[in-house]
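Colleague: Below is one structure. I have some questions about it.
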Amino acid sequence: MKIRHAAASLAALSIAIAAPHTATLAQDSAEATASTPTNDLQELVAQVQVPFEKFELENGLTVVVHEDRKAPIVGVAVWYNVGSKDEPKGLTGFAHLFEHLMFNGSENAPNDYFQYLQEMGATDYNGTTNFDRTNYFQTVPRPALERALWLESDRMGYLLGAVTQGKLDNQIGVVQNEKRQGDNRPGGLVFYEILETIFPDGHPYQHSVIGSMADIEAATLDDVKDWFREKYGPNNATLVLAGDISADEARPLVEKWFGPIARGPVNTPAAAAIPTLDEPVRKVMRDQVAATSISMYWPAPGITSEDLAALNMGTQILGGLLSSRLDQILVRDEQLAVSVSAGNFDFQRVGLISVSATLKDGVDARVLEARLKQLVDWYIETGPTAAEVERAATSNLAGTIRGLEQVGGFGGKAVALARGEVLAGDPGFAKKQLEVLASITPETIKTAMQKWMTRPAFTLVLEPGERDATYQEASSVTAGGNATERDRANEEISVSLDRPAPEIASVPSLDFPDFERATLANGMQVTYAMRDAVPATYVTMSFNAGSASDSAEKRGVENLAVGLFDEGTATLTSQQIAEEREKLGVTINTGGGDDRSSFTLSALSSNLAPSLALFGDIIRNPAFNESDLARVKAQTMTGIRQQMRSPQGIAQRAIGVELFGPDSPYGGVETLESVESITRDDLEAFKDAWIRPDNGEVFVISSLPLDTIVAQLNEAFGDWETPETAKGEKDFSTMLTAAEGGRIVLINRPNSPQSFIFGGQITPLDASDPAYVDFENANNSLGGNFLARLNMNLRETKGWSYGVRGGPQARENTVVYAIGGGVQADRTGDSIAEMIRETGEFLTVNGVTEEELTRNVANSVGLLPGRFETSRAVLGAMQQLALYGRPDNYYEELVGKYEAQTTESLDAAARSALNVDDFLWVVVGDAEKVAPQLEQLGLPVEVRELEGAQLGG
Numbered sequence: 004m005k006i007r008h009a010a011a012s013l014a015a016l017s018i019a020i021a022a023p024h025t026a027t028l029a030q031d032s033a034e035a036t037a038s039t040p041t042n043d044l045q046e047l048v049a050q051v052q053v054p055f056e057k058f059e060l061e062n063g064l065t066v067v068v069h070e071d072r073k074a075p076i077v078g079v080a081v082w083y084n085v086g087s088k089d090e091p092k093g094l095t096g097f098a099h100l101f102e103h104l105m106f107n108g109s110e111n112a113p114n115d116y117f118q119y120l121q122e123m124g125a126t127d128y129n130g131t132t133n134f135d136r137t138n139y140f141q142t143v144p145r146p147a148l149e150r151a152l153w154l155e156s157d158r159m160g161y162l163l164g165a166v167t168q169g170k171l172d173n174q175i176g177v178v179q180n181e182k183r184q185g186d187n188r189p190g191g192l193v194f195y196e197i198l199e200t201i202f203p204d205g206h207p208y209q210h211s212v213i214g215s216m217a218d219i220e221a222a223t224l225d226d227v228k229d230w231f232r233e234k235y236g237p238n239n240a241t242l243v244l245a246g247d248i249s250a251d252e253a254r255p256l257v258e259k260w261f262g263p264i265a266r267g268p269v270n271t272p273a274a275a276a277i278p279t280l281d282e283p284v285r286k287v288m289r290d291q292v293a294a295t296s297i298s299m300y301w302p303a304p305g306i307t308s309e310d311l312a313a314l315n316m317g318t319q320i321l322g323g324l325l326s327s328r329l330d331q332i333l334v335r336d337e338q339l340a341v342s343v344s345a346g347n348f349d350f351q352r353v354g355l356i357s358v359s360a361t362l363k364d365g366v367d368a369r370v371l372e373a374r375l376k377q378l379v380d381w382y383i384e385t386g387p388t389a390a391e392v393e394r395a396a397t398s399n400l401a402g403t404i405r406g407l408e409q410v411g412g413f414g415g416k417a418v419a420l421a422r423g424e425v426l427a428g429d430p431g432f433a434k435k436q437l438e439v440l441a442s443i444t445p446e447t448i449k450t451a452m453q454k455w456m457t458r459p460a461f462t463l464v465l466e467p468g469e470r471d472a473t474y475q476e477a478s479s480v481t482a483g484g485n486a487t488e489r490d491r492a493n494e495e496i497s498v499s500l501d502r503p504a505p506e507i508a509s510v511p512s513l514d515f516p517d518f519e520r521a522t523l524a525n526g527m528q529v530t531y532a533m534r535d536a537v538p539a540t541y542v543t544m545s546f547n548a549g550s551a552s553d554s555a556e557k558r559g560v561e562n563l564a565v566g567l568f569d570e571g572t573a574t575l576t577s578q579q580i581a582e583e584r585e586k587l588g589v590t591i592n593t594g595g596g597d598d599r600s601s602f603t604l605s606a607l608s609s610n611l612a613p614s615l616a617l618f619g620d621i622i623r624n625p626a627f628n629e630s631d632l633a634r635v636k637a638q639t640m641t642g643i644r645q646q647m648r649s650p651q652g653i654a655q656r657a658i659g660v661e662l663f664g665p666d667s668p669y670g671g672v673e674t675l676e677s678v679e680s681i682t683r684d685d686l687e688a689f690k691d692a693w694i695r696p697d698n699g700e701v702f703v704i705s706s707l708p709l710d711t712i713v714a715q716l717n718e719a720f721g722d723w724e725t726p727e728t729a730k731g732e733k734d735f736s737t738m739l740t741a742a743e744g745g746r747i748v749l750i751n752r753p754n755s756p757q758s759f760i761f762g763g764q765i766t767p768l769d770a771s772d773p774a775y776v777d778f779e780n781a782n783n784s785l786g787g788n789f790l791a792r793l794n795m796n797l798r799e800t801k802g803w804s805y806g807v808r809g810g811p812q813a814r815e816n817t818v819v820y821a822i823g824g825g826v827q828a829d830r831t832g833d834s835i836a837e838m839i840r841e842t843g844e845f846l847t848v849n850g851v852t853e854e855e856l857t858r859n860v861a862n863s864v865g866l867l868p869g870r871f872e873t874s875r876a877v878l879g880a881m882q883q884l885a886l887y888g889r890p891d892n893y894y895e896e897l898v899g900k901y902e903a904q905t906t907e908s909l910d911a912a913a914r915s916a917l918n919v920d921d922f923l924w925v926v927v928g929d930a931e932k933v934a935p936q937l938e939q940l941g942l943p944v945e946v947r948e949l950e951g952a953q954l955g956g
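Heads up, the sequence shown is in our numbering, so the first residue is 4 and it goes up one at a time.
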């Protein structure tokens, strides 16, 4: 099946609100297979090296610098020691609201911050808020580092003159739509219930990060400015620089830009006791979910607890490893559940342990609930085995080593250093946790589980059904129901100190790796590049199949088959495969897309030979056992049911059929009926026709030389012979090249606080055309990023949406252009009208401006070094080059192509590809509220009920 990673990087031990270690499919067995070497855990820990230097400015700013010279980029992260737990009554949601406001410009950088970030060529940029902290991060080319420090220091020290009532009103509307978007998802109200039940009234962790909409609505400009003065001083912040810089180089730059900022009040993180429920609590909720889930929650200690590693490991073994206890028993052996999970959310002051199982169709929920509780009790009583602990530790450490390539973003080394410093007072905290993990014993884990998981638990049952009618939608607290439209032209900004932006002295250079090629003994071509920043190897075997290989009568064969390759071979059970992976510290992902089916191995180079042996067995010898087929079918069908209830999933299922037709390779979707009809013979036929050496190619990124790679690949695959059956052929004869546009399909999803809009058109574009890059950059003005016109209009000006994007969706044989986003329900018609107007004007009277051209070209050139920072990114680029027939030097030639672009060339590219009158619009929302709005647009409207509505729940 498609894999989830046990702990894929250093950031897995570093992110405060990261999802807990979870599992999809695994079994447990007492016996290990004999072929796998045992890893030395201490040796693996020794490979995790993130050295740093730390210093403090006179104003109290803490600075941590990690030097990594592999690429000319620097990850910049600023963490403020303030989160939602620090909000007093009446000001809930302020930390998150301020995260938004701090992107809306400062005194010397008055425009949206994304503009300045794009001008620098930044990648991996964003900001987030959680219970414990607020952070901002970006990865920038080394020549742009000083500009990034200027930008971050301006919002730290010189923000308030740029905070206006118009910005505040607009961001209140954006936050409301962020809440609507989250609430609108199936199960979107569950986390509120967890917090309110686990934590007593007045507890700092009881209210959600997004907070009370009534509190947000009541915020005055003075409230907001006072909040900033109290919480965002340099002595309440940590700056981390990770990448192509040393501490000696960093100090004068940091002193220059941050040194003059005055100290502010110190925010002492709110004290918060670990609660204990007086007695077990059980509640039932209903929502538009595909299947009943049973979840159990226990309060736990925070990040600095001596029990942290034991609880993380213990829950991983219970329900997070591929070979977890719950997977083995509930999913595989007894087949009561289609999925399980277990994990430990570790916040600063408290934690939250969770264990969950999702019901298999036809099983009595009471049986699953009773069995889940019985198994949890049994595990707490007996604890894990030594073999389980070693496998869990190896998986974590191997994933961490592979993750050392990334310096910034959501999960890079800067995150680990910043989180350790801000929440635990030690930038090296994550590394020390790995050392604990490597030496932890089963007894230690059992003791910690018994200490915390024998306390009263909160059991939450989420059933399919209608939501509680008492739910209050975000706009219910807004007088008039809508955000005030922002008047940018008349905003007045006061500048307390003139701080001109430093120049970016040079253009960053892209060092894209050179490719080498070889041919395996079985005839498969290998495309290889060396990357030795970490001792890891990545191998993708890509086959010319994908979902487009499905026949119209058997939609879903490719997805089901690819998902079953790693569920058992002729000699290994699914459980044995899972254990082998964990002992080797290897991940194996199966999947693909419309045009290709792929298998990707991520391994430590020292373990490559046995890893490839396992990889080869999975690809060459899938068993397709009937019992596994039945189980994975049930999981797949549950996934389809869930997609049929998710607003975005509903729209995605509909748009392809409407654009291409149901019988087209790109138009059809798998259904409950088609998946149910698939037999083992269908899977065998798929394998023989499509997954074969004469239909595939190999892509490798490794720290090992090519001759070593070829020798080890030949050992695993060299004698793989092409079957005698005919190779598969795809049939595109029925595919439409133009769809019936100029119409709206409204899919009724009652009681939706938001509508999801998906507009699309089949274009004449060809992704293999060298001029395709012109269209991509033209679209950066219309829909391709945060600053594009569609998003700036509907989010940053109107405040009707949390975000709207538009862009090309390239396939091997066609390119679709699509616009998508969620909007508040009462502005659905207005939003489509604005999308049509904005797109139409862009294609006629208001094309790409000189300002947009300059910004888009600078961004496209500047981001190239950061875009290919990791081996995984290069591996993906390799496959894109092959799919679209692009030359090896394609990315290195992009700079010249970007610099040659003009407003005229970009306008021509967009106008030859798009016609807004040909757009087909799919809207998922409450038809009673939305249909009257759509009728005012002058387009034909077809109202449909939800697919599968007859299934109930």
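Built from N, CA and C at the ideal position, the CB exists for glycine as well.
Keep in mind that this is a model prediction, so the values were computed, not measured.
To the nearest angstrom, how far is the alpha carbon of THR95 from that of ASN859?
Modeller: If you take the alpha carbons of THR95 and ASN859, they lie about 37 Å apart.
Colleague: Cutting at 6 Å between CB atoms, please list the residues of its own chain near PRO811, excluding the five before and the five after it.
Modeller: Hits under 6 Å: VAL818, TYR820.
Colleague: For the alpha helix (DSSP H) holding SER344, just list the boundary residues, first then last.
Modeller: Here SER344 belongs to no alpha helix (DSSP H); instead the beta strand (DSSP E) covers 340-349.
Colleague: Kindly list the residues whose CB is nearer than 8 Å to the CB of ARG656, restricted to its own chain and excluding five residues on each side of it in sequence; keep chain order.
Modeller: Within the same chain, ARG656 has close Cβ partners GLN646, MET647, VAL672, GLU950.
Colleague: Kindly list the residues whose CB is nearer than 6 Å to the CB of LEU47, restricted to its own chain and excluding five residues on each side of it in sequence; keep chain order.
Modeller: Cβ neighbours of LEU47 beyond the five flanking positions: LEU400.
Colleague: For the beta strand (DSSP E) holding ASN107, just list the boundary residues, first then last.
Modeller: ASN107 -> no beta strand (DSSP E), and no H or E assigned at all.
Colleague: When the Cα atoms are used, what is the spatial distance from GLY745 to GLY346?
Modeller: Rounded to the nearest angstrom, the two C-alpha atoms are 48 Å apart.
Colleague: Count the other CB atoms within 10 Å of the CB of GLN939; is the residue buried (16 or more) or exposed (fewer)?
Modeller: So GLN939 counts as exposed.
Colleague: Straight-line CA distance for GLN579 to PRO445?
Modeller: Whole-angstrom Cα-Cα distance: 21 Å.
Colleague: Given a cut-off of 9 Å on the beta-carbon distance, is the pair MET316 and VAL392 in contact?
Modeller: Taking 9 Å as the Cβ cut-off, MET316 and VAL392 qualify as a contacting pair.
Colleague: Under 8 Å, with one C-beta from each stretch per pair, do the stretch 106-116 and the stretch 57-67 reach the 3-pair mark?
Modeller: With the cut-off at 8 Å, the stretch 106-116 and the stretch 57-67 do not touch.
Colleague: In this structure, what does DSSP give as the bridge partners for TYR531?
Modeller: Partner(s): GLU519, VAL703.
Colleague: For TRP381, write down the residues that DSSP places opposite it in a beta bridge.
Modeller: Paired residue(s): none; TRP381 is not in a bridge.
Colleague: Are the CB atoms of PHE101 and TRP230 nearer to each other than 9 Å?
Modeller: Yes, these two residues count as a Cβ contact at 9 Å.
Colleague: Taking 9 Å as the cut-off, decide whether the C-beta atoms of GLY267 and PHE97 are in contact.
Modeller: Contact flag unset, no.
Colleague: Going by CA-CA distance only, name the one from GLY832, PRO868, ASP891, LEU897 that's closest to VAL933.
Modeller: Closest option to VAL933, Cα to Cα, is GLY832.
Colleague: Taking its Cβ as the centre, do 16 or more other Cβ atoms sit within 10 Å of VAL498, making it buried, or is it exposed?
Modeller: It is exposed - the Cβ of VAL498 has fewer than 16 other Cβ atoms within 10 Å.
Colleague: Can you give the Cα-Cα distance for VAL946 and TYR195, rounded to whole angstroms?
Modeller: Their Cα atoms are separated by approximately 33 Å.
Colleague: Could you tell me how far apart the beta carbons of VAL343 and SER359 are, in whole angstroms, since I believe they sit closer than 8 Å?
Modeller: Contact flag correct, Cβ pair sits at about 7 Å.
Colleague: With DSSP as the reference, label GLU34 as helix, strand or coil.
Modeller: With a pLDDT of 36 at GLU34, under the threshold of 50, the modelled position of this residue cannot be trusted, and the question is left open.
Colleague: CB GLN375 to CB LEU426, shorter than 9 Å?
Modeller: The identity of residue 375 in the sequence shown is Leu, whereas the question assumes Gln. Going by C-beta atoms, LEU375 is not nearer than 9 Å to LEU426.
Colleague: Please determine if the stretch 732-739 and the stretch 698-713 are in contact, where contact requires at least 3 C-beta pairs separated by less than 8 Å.
Modeller: Taking 8 Å as the limit for Cβ pairs, the verdict is that the stretch 698-713 does not touch the stretch 732-739.
Colleague: In terms of alpha-carbon separation, which member of GLU155, ASP43, GLY169, LEU897 lies closest to ILE496?
Modeller: Ranking the options by Cα distance to ILE496, first place goes to GLY169.
Colleague: Spatial neighbours of LEU866 within its chain, please: C-beta separation below 6 Å, excluding the five flanking residues on both sides.
Modeller: Only GLY124, THR126 meet the Cβ criterion.
Colleague: On a Cα-Cα basis, can you pick out the residue from GLU337, GLU676, LEU465 that is closest to VAL560?
Modeller: Comparing Cα positions, the closest option is GLU676.
Colleague: Just the C-alpha distance for PRO54 and LEU884, rounded to the nearest angstrom, thanks.
Modeller: So the alpha carbons of these two residues sit roughly 36 Å apart.
Colleague: Here's the rule I'm using: 16 or more other beta-carbon atoms within 10 Å means buried, otherwise exposed. How should VAL926 be labelled?
Modeller: So VAL926 ends up on the buried side.
Colleague: Could you have a look at TRP803 and say whether DSSP puts it in helix, strand or coil?
Modeller: Residue state, collapsed to three classes: coil.
Colleague: Bridge partners for PRO811 per DSSP, in chain order?
Modeller: BP columns for PRO811 point to TYR820.
Colleague: Cβ atoms of VAL851 and SER784: under 9 Å apart, would you say?
Modeller: It is a contact, given that the beta carbons lie within the stated cut-off.
Colleague: Exposed or buried, what is TRP381 when buried is set at 16 or more other beta-carbons lying within 10 Å of its beta-carbon?
Modeller: Label assigned to TRP381: exposed.
Colleague: Can you tell me whether LEU311 is helix, strand or coil according to DSSP?
Modeller: Three-state result, LEU311: helix.
Colleague: Could you compute how far the alpha carbon of THR271 sits from the alpha carbon of ALA165?
Modeller: Roughly 27 Å separates the two Cα atoms.
Colleague: Please confirm whether TYR541 and ALA606 have their CB atoms less than 9 Å apart.
Modeller: It is a contact, given that the beta carbons lie within the stated cut-off.
Colleague: Should ASN493 be labelled buried (16 or more other beta-carbon atoms within 10 Å of its own) or exposed?
Modeller: Exposed: under 16 other Cβ atoms inside 10 Å.
Colleague: Under DSSP, the beta strand (DSSP E) around LEU923 begins and ends at which residues?
Modeller: Counting along the chain, the beta strand (DSSP E) containing LEU923 begins and ends at 923-928.
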